[in-house]
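Protein chains in written order, with the numbering used here: chain A, 9 to 297; chain B, 29 to 553.
Even for Gly, the Cβ is constructed at its ideal location relative to N, Cα and C.
First the structure, in the form of structure tokens, and then the observations on it.
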Amino acid sequence: MLANLLARMRYPALGLGLLWSLSAAADLKLNMPEGVTTISHQIYDLHMTILWICVAIGVGVFGTMFYSIYYHRKSKGAVPAHFHESTTVEIVWTVVPMLILIFMAVPATRTLINLEDVSKPDLTIKVTGYQWKWSYDYLDEGISFFSTLSTPAEQINNLAPKDKDYLLEVDNPLVVPVGKKIRILTTAADVIHSWWVPSLGWKRDAIPGFINESWALIEKPGVYRGQCAELCGKDHGYMPIVVVAKTQEEYRQWVESKKAAKTASLGSDNPGPAMTNAPGQPAPVTAAQ
Amino acid sequence: MSTATHVHVEHHDAPPRGIWRWLSATNHKDIGTLYLVFSLIMFLIGGCMALIIRAELFQPGLQFVTPQFFNQMTTMHALVMVFGAVMPAFTGLANWLIPMMIGAPDMALPRMNNWSFWILPFAFTLLLSTLFMQGGGPAGGWTLYPPLVLQTGNAFPFVILSVHMMGISSIMGAINVIATILNMRAPGMTLMKMPLFVWTWLITAYLLIAVMPVLAGGVTMLLTDKFFGTSFFNAAGGGDPVMFQHIFWFFGHPEVYIMILPAFGVISMIIPTFARKPLFGYSSMVYATASIAFLSFIVWGHHMFTVGMPLAGELFFMYATMIIAVPTGVKVFNWVSTMWKGSMTFETPMLFAIAFVILFTIGGFSGLMLAIAPADFQYQDTYFVVAHFHYVLVTGAVFSLMAAAYYWLPKWTGHMYDEKLGKIHFWLSVIGVNILFFPQHFLGLAGMPRRIPDYALQFAEFNALSSIGAYIYGFSQLLFVYIVIKTIRSGEKATDQVWEGARGLEWTLSSPPPYHSFTTAPEVH
Chain A
9 MLANLLARMR YPALGLGLLW SLSAAADLKL NMPEGVTTIS HQIYDLHMTI LWICVAIGVG
69 VFGTMFYSIY YHRKSKGAVP AHFHESTTVE IVWTVVPMLI LIFMAVPATR TLINLEDVSK
129 PDLTIKVTGY QWKWSYDYLD EGISFFSTLS TPAEQINNLA PKDKDYLLEV DNPLVVPVGK
189 KIRILTTAAD VIHSWWVPSL GWKRDAIPGF INESWALIEK PGVYRGQCAE LCGKDHGYMP
249 IVVVAKTQEE YRQWVESKKA AKTASLGSDN PGPAMTNAPG QPAPVTAAQ
Chain B
29 MSTATHVHVE HHDAPPRGIW RWLSATNHKD IGTLYLVFSL IMFLIGGCMA LIIRAELFQP
89 GLQFVTPQFF NQMTTMHALV MVFGAVMPAF TGLANWLIPM MIGAPDMALP RMNNWSFWIL
149 PFAFTLLLST LFMQGGGPAG GWTLYPPLVL QTGNAFPFVI LSVHMMGISS IMGAINVIAT
209 ILNMRAPGMT LMKMPLFVWT WLITAYLLIA VMPVLAGGVT MLLTDKFFGT SFFNAAGGGD
269 PVMFQHIFWF FGHPEVYIMI LPAFGVISMI IPTFARKPLF GYSSMVYATA SIAFLSFIVW
329 GHHMFTVGMP LAGELFFMYA TMIIAVPTGV KVFNWVSTMW KGSMTFETPM LFAIAFVILF
389 TIGGFSGLML AIAPADFQYQ DTYFVVAHFH YVLVTGAVFS LMAAAYYWLP KWTGHMYDEK
449 LGKIHFWLSV IGVNILFFPQ HFLGLAGMPR RIPDYALQFA EFNALSSIGA YIYGFSQLLF
509 VYIVIKTIRS GEKATDQVWE GARGLEWTLS SPPPYHSFTT APEVH
């Protein structure tokens, strides 16, 4: 709706015509995604509640101000009043905002407590941040692998057309089941990173030497994309996250195939060095040191 | 009004000529001018860095710079703007205005004043020179988080030293402000009669003295971690990288108010003048400022909601942060009430002041949203945060500085600025800055992280728009430079009063004021 409205602003006078005609068809995202986890819905609702409260206060304050700007101007012959203080008014506009804040704090507290409740998980995955890739360890299954950007360097350097998931695609996505409470442990091997998939509703810093806990219960199968959210060096923008949520049967099959593959290559079970030379690593970016 | 320049009682009644006047300056007006000119130069340098950032972000893909250089630009842009542009600009205003507002001849400690200014050009030469060193400038963000910042090349010790120098300069400036305000007020100028600009600066100076040493301690620990084998922030040695974040933000959050409280003071001076009505709720403004200053010490954790604090910590920092909305709201309500039933005119300073109230409040709203800890798990480290702090720092602090420049320039130079050009500058700035920063709210909510040189295709439209706004806003500041130079050189003669509704001691002095503001203290009733 708003995208259409913006798209209609194609006045040549604004000099933005070309830009908007490009975006007219595109689905411009203006708001936080509602997400696909229980907690992301709560966070979205909270975000919208606070946003609308702010909008209402803004309309009131700015409305009063613009009324005053329009009517109480010298060119309209306004004569200045002399009042300059009122204890009653000051108390009112201290107490009323306090009450509004308490009204906001209640759902915020409830959501926060829920967000931090990592108890009783169905499975646990450890996420480790590296400069500049992620590794995933399924602690219950013994599966572990690296996940690296798969966008070719030609696209980054504008030598090839950019595909749909430019910079948000990886070689080995994190595969998880829907309907299970997944505990996600985050840590890092070198500098601080932050693991963030907007559709899951949160990000959590990955700190070397420390382990943070978070959880997600994904409601529907799909592919959810995110990025590192803490500046971690030159390729900070090139370590995306892709989560593939599968139904529980499909997830089981995936786990079995992974385990089978691992057993098959048992002799050469050394994923680390092989992965550091992953083909997806954008070469010119790495060379920019 | 006595013009002291013609009375040869002492040799320092008139300034020496040429460069020596500036190098040996002890006069508050000369030092104020130095600070303001310095900050304007830094504002333009920091602005150029911002334009490099926005040029790279105009389209997806890498076009102009490498990711490493991009990170140097974001880091340096912030350091230059915070420590080089905004803070010295407010210190410049303090130097020019506090003695004139409280009826004093000069600042209390003129030689220290000279030193605190002249440290800055050296500090920033050092900082900017790191861009040309092996490995380039600092690229770990202005927050200097370890372990990343420890990967900085040869620039690292130079960055730390320059931060130390900036801190020393700020602390000396703050000591001077406090000594001046507490000791040199004219008879009858009780604390609760001081203009709000003086009040906000008094409180700001205390914040500076309280937190700059904390930053100095933090960066020194970085230095020893890097060069002397300590492990303050190294988990492998028993330290904690997050401890640096606690130290940094214990400085960093009051720092935010160091940059905005004097802005509140400026706006509280300008709105009553052009509304021709006294400031509404003077004493509540003072109490609100003091409350904000106090609260600024207990909310630092809201910068760190995602680092893995205990639930109790997150709840505490969320509640404490939300409470800041109350005194801030009081200020906004007081400004609107000052306008209410006034007799307003809209000269350039008033336009900037009104834009400040509206746009700063929008920054306040996004600040309130960011305070809500669970929602911050989405907002943290996205363009939503970038939009938020640029609304409070650019359309907040910088707009108040622009308002202050137009408001007091006639007093300082004795010439009126070109009102028509001033208004053009205002409208270009206000339109440009909103095109620049408003779309960044959408980018952040849609999932674009901060500090990335390249981005996914869904962010392309708003980034292009934002970059266009950046160039409109950036280049319109050159008009400001032209207006200032034109005002100094020529322009209609300003009256002593300058503005019809202006009240306060500085407007009783001639325009331009005598070299030593008040050689005899005025009586204040």
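Each of A:104, A:245, A:191, A:75 was checked against the Cα of residue 125 of chain A, and the nearest Cα belongs to A:191.
Not one beta carbon of chain B lies nearer than 8 Å to the beta carbon of residue 162 of chain A. Beta-bridge pairing by DSSP links residue 233 of chain A to A:250. Residue 135 of chain B sits in coil when the DSSP states are folded into three classes, being neither helix nor strand. Beta-bridge annotation (DSSP): residue 191 of chain A is paired with A:132, A:223. By the Cβ-count criterion, residue 228 of chain A is exposed, with fewer than 16 other Cβ atoms from all chains shown falling within 10 Å of its own Cβ. Secondary structure note for residue 386 of chain B: it is in no beta strand (DSSP E), and the uninterrupted alpha helix (DSSP H) holding it is 376–399.
Taking a C-beta cut-off of 8 Å against chain B, the contacting residues of the segment 132–164 of chain A are 163, 164, listed in chain order. At least one CB atom of chain A sits nearer than 8 Å to the CB of residue 401 of chain B. Taking a C-beta cut-off of 9 Å against chain A, the contacting residues of the segment 335–355 of chain B are 335, 336, 338, 339, 342, 343, 346, 347, 350, 351, 353, 354, 355, listed in chain order. CA-CA distance, residue 294 of chain B to residue 515 of chain B, rounds to 21 Å.
Interface with chain B (8 Å Cβ-Cβ cutoff): residue 191 of chain A is excluded. At the C-beta level, residue 254 of chain A and residue 237 of chain A stay beyond 8 Å of one another.
Judged by pairs of C-beta atoms under 8 Å, the segment 304–312 of chain B does not touch the segment 265–275 of chain B, as fewer than three such pairs exist. Contact between residue 92 of chain A and residue 403 of chain B does not hold, since their C-beta atoms are separated by about 38 Å, which reaches or exceeds 8 Å. For residue 253 of chain B, the enclosing alpha helix (DSSP H) covers residues 224–255. The C-beta of residue 220 of chain B has fewer than 16 other C-beta atoms within 10 Å across all chains shown, which makes the residue exposed. For the segment 78–94 of chain A, the set of positions with a beta-carbon nearer than 8 Å to some beta-carbon of chain B reads 80, 81, 82, 83, 86, 87, 88, 89, 90, 91, 92, 93, 94 in chain order. The CB of residue 479 of chain B comes closer than 7 Å to the CB of 239, 244 in chain A, given here in chain order. Around residue 371 of chain B, the beta-carbon contacts reaching into chain A at under 8 Å are 80, 81, 82, 86, 87, 88. Comparing alpha carbon positions, the residue from B:113, B:143, B:376 closest to residue 450 of chain B is B:376. In the structure shown, residue 42 of chain B falls within a coil segment according to DSSP collapsed to helix, strand and coil.
For residue 48 of chain B, there is no enclosing beta strand (DSSP E); the residue is part of the alpha helix (DSSP H) that begins and ends at 47–51. Within chain B, no residue has its beta carbon less than 9 Å from that of residue 64 of chain A; the closest one is some 11 Å off. Take residue 247 of chain B, set aside five residues on each side of it, and the residues of its chain with a beta-carbon closer than 6 Å to its own are 188, 191, in chain order.
Fewer than three pairs of CB atoms, one per stretch, sit closer than 8 Å, so the segment 81–92 of chain A makes no contact with the segment 242–250 of chain A.
Contact annotation: the segment 194–204 of chain A does not touch the segment 317–332 of chain B, with fewer than three C-beta pairs closer than 8 Å. In this structure, residue 114 of chain B lies away from residue 303 of chain B, with their beta-carbon atoms at least 8 Å apart. Using a Cβ-Cβ cut-off of 8 Å, residue 38 of chain A counts as an interface residue toward chain B, since at least one Cβ of chain B sits closer than that to its own. Around the beta carbon of residue 79 of chain A, fewer than 16 other beta carbons sit within 10 angstroms, so the residue counts as exposed. Here residue 213 of chain B is buried. Its C-beta has 16 or more other C-beta atoms within 10 Å.
Residue range 183–211 is occupied by the alpha helix (DSSP H) that includes residue 188 of chain B. The continuous stretches of alpha helix (DSSP H) do not include residue 151 of chain A, which lies in the beta strand (DSSP E) extending over residues 151–155. Within chain A, the residues placing a beta-carbon under 7 Å from that of residue 307 of chain B are 92, ordered along the chain. Taking one beta carbon from each stretch, the segment 439–458 of chain B and the segment 478–493 of chain B have fewer than 3 pairs nearer than 8 Å; the two do not touch. For residue 219 of chain B, the secondary structure class from DSSP, reduced to helix, strand or coil, is helix.
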